[in-house]
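A.B. asks:
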Amino acid sequence: MNQQDKQTTRVKEGAFHLPGFLSLPEQERIASLCLELGKNAAGFYQPVLRSGAKMRLRMMCLGRHWNAKTYNYELHRSDVDGLAVQPIPATLAKLAERAATLADFIVRPDILLVNWYGKDGRLGLHQDKDERPETLQAGIPVVSFSIGDTCEFIFGGLSRSDPRKKIALHSGDAFVFGGPARLCFHGVGRVLPQTGPSGVWPSGRLNLTFRQF
Ligand SMILES: O=C(O)CCC(=O)C(=O)O
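Heads up: the sequence shown runs through residues 100 to 312, numbered per the working numbering.
See below:
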């Protein structure tokens with residue numbers, strides 16, 4: 100299938116679901132790259148929030164590290180082990196740029212948060228608002244890729260209490276939100292076990308969110 104033939108579903112102004120954006124070979128390549136990077140010294144860890152609660156996922160930040168205590172980005176993981184972050188592989192950044200283009204956005208990602216959700220993985224409703232104010236004001240999008248098990252992705256509005264949509268994100272899907280949707284609340288509900296393509300990701304769900312600082 101050509102990239103042009105792939106479907107783009109507008110969820111709301113500025114938010115787009117791109118089902119099947121990644122081919123199976125692309126998913127396999129991304130998954131093995133993330134597994135490899137995840138085994139390095141500055142690989143996957145379980146973030147602990149400033150409340151002391153452990154996030155219900157494993158994370159690996161590339162490009163810049165998201166500090167779960169200060170909510171700032173930094174070049175060393177000062178809330179984890181002080182190690183320098185690994186760079187974002189250029190091939191991955193290019194894929195994210197392509198997804199953004201299909202949603203009529205431009206992004207030059209310099210941050211990649213890689214989230215690994217187990218079967219009990221969750222991510223509470225939140226806004227992605229720790230990037231530079233200029234980036235947020237310009238509505239430069241976040242680009243998200245899903246690999247492995249399907250999840251219930253929740254996408255709301257600019258206020259926490261706004262109505263929310265529940266979207267099934269399957270392996271290979273991309274989701275792009277920018278412009279007027281850049282600060283929309285979103286989160287991850289259930290991860291549906293054993294729903295991913297066999298042999299691509301060891302267990303659970305892998306999510307990559309690309310951002311521009
Ligand atoms: O896992 C997802 O699909 C979303 C991840 C997310 O919201 C985030 O990293 O801020």
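Virtual Cβ for every residue (Gly too), placed ideally from N, Cα, C.
If you're wondering where the values come from, they're calculated on a predicted model, not measured in any experiment.
#1: I think residue 119 touches residue 272, with their Cβ atoms under 8 Å apart; what is that distance to the nearest whole Å?
#2: Within 10 Å of its beta-carbon, does residue 269 have 16 or more other beta-carbons around it, so buried, or fewer, so exposed?
#3: Decide yes or no for the touch test of the region 278-298 against the region 180-198: beta carbon pairs closer than 8 Å, at least 3 of them.
#4: Which parts of the region 212-274 are runs of the alpha helix (DSSP H), unbroken and 4 residues or longer, counting only runs that do not cross its ends?
#5: Quick one: grab the DSSP three-state call for residue 196.
#6: Given the structure, does residue 309 come close to ligand 1, in the sense that its CB is under 7 Å from one of the ligand's heavy atoms?
#7: My output table needs one value for residue 145: the three-state DSSP class, helix, strand or coil.
#8: What residues in its chain sit with their C-beta under 7 Å from that of residue 110, if we drop five residues either side in the sequence?
#9: Whose C-beta lies closer than 6 Å to the C-beta of residue 304 among residues of the same chain, with five residues either side of it excluded?
#10: Report yes or no: do three or more beta-carbon pairs, one from the region 146-155 and one from the region 214-231, lie closer than 8 Å?
#11: Counting only the same chain and skipping the five closest in sequence on each side, list residues whose C-beta sits under 7 Å from that of residue 257.
#12: Where do the N-terminal and C-terminal ends of the beta strand (DSSP E) with residue 291 fall, by residue?
#13: Beta carbon of residue 143: closer than 7 Å to some heavy atom of ligand 1?
#14: Let me know if residue 234 comes out buried or exposed under the rule of 16 or more other beta-carbons within 10 Å of its beta-carbon.
C.D. replies: Taking the structure as given:
#1: Sequence index remark: in the sequence shown, residue 119 carries index 20 (1-based). Sequence index remark: in the sequence shown, residue 272 carries index 173 (1-based). Indeed they touch by this definition, with Cβ atoms about 7 Å apart.
#2: In the sequence shown, counting from the first residue as 1, residue 269 sits at position 170. Buried.
#3: no
#4: 232-237
#5: Numbered from 1 along the sequence shown, position 97 holds the residue referred to as residue 196. If DSSP states are grouped into helix, strand and coil, residue 196 belongs with the helices.
#6: In the sequence shown, residue 309 corresponds to position 210, counting from 1. No, Cβ of residue 309 sits at least 7 Å from all heavy atoms of ligand 1.
#7: Position 46 of the sequence shown, counting from 1, holds the residue named residue 145. Correct three-state label for residue 145: coil.
#8: To locate residue 110, count along the sequence shown from 1; it is residue 11. Taken in chain order, the residues that qualify are 116, 254, 264, 266.
#9: The sequence position of residue 304 within the sequence shown is 205, counting from 1. Taken in chain order, the residues that qualify are 216, 247, 248, 250, 290.
#10: yes
#11: By one-based count along the sequence shown, residue 257 stands at place 158. If we look at residue 257 and ignore the five residues flanking it on each side, its Cβ neighbours are 282, 283.
#12: By one-based count along the sequence shown, residue 291 stands at place 192. First-last of the beta strand (DSSP E) with residue 291: 285-291.
#13: By 1-based counting over the sequence shown, the position of residue 143 is 44. Every heavy atom of ligand 1 is 7 Å or more from the Cβ of residue 143, so no.
#14: Reading the sequence shown from its first residue, position 135 is the one you call residue 234. When all chains shown are included, residue 234 counts as buried.
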